Amino acid sequence: MTDTVKRYFDAFNAGDTAGMLDCLSDDVAHHVNQGGVRRGKAAFEEFCAHMSRCYREELTDMVLFEAEGGTRAAAEFTVNGTYLQSDEGLPEARGQEYRLPAGSFFSLKDGRITRIVTYYNLEDWMAQVS
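Each residue of the sequence shown is one higher than the one before, counting from 19 in the numbering used here.
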């Protein structure tokens, strides 16, 4: 199942939202850092469009983990980004660059990601772009 997660992250780094969506179940639950839960591919696609407008990110130093049985996976990585357009409620964007450690947790079923939970330190990000 880490093949699915690897394809998901490869698509992320390529800016390929369709490729990311191809890795997801139709009813995927996307738990956003310090936010709510988005349900379904359409909500995930809207989130990706918003993120692409405001941020350009590449994930490096990727380490993938898989639980026995292949139904759960996790990833640790570094987010290397540029803040492109001001995001509501956050500091003004002026092309600031940032670098953050982050992690994601996944549930998988039938070769598709059914749940994504991502964590990073928002206060660290805000300090870097302020």
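From the three backbone atoms N, C-alpha and C, an ideal C-beta is built for every residue, glycine too. The model shown is predicted, which means the values in this text are computed figures rather than measured ones.
- Collapsing the DSSP output to three states places G37 in a helix.
- When beta bridges are read from the DSSP output, H48 appears opposite R56, I134.
- Straight-line measurement puts the Cα of F123 at about 15 Å from the Cα of R25.
- Y101 is bridged by DSSP to Y73.
- In the displayed model, T78 falls within a strand according to three-state DSSP.
- Of the residues assessed, M38 falls on the buried side of the cut-off, its CB having 16 or more other CB atoms within 10 angstroms.
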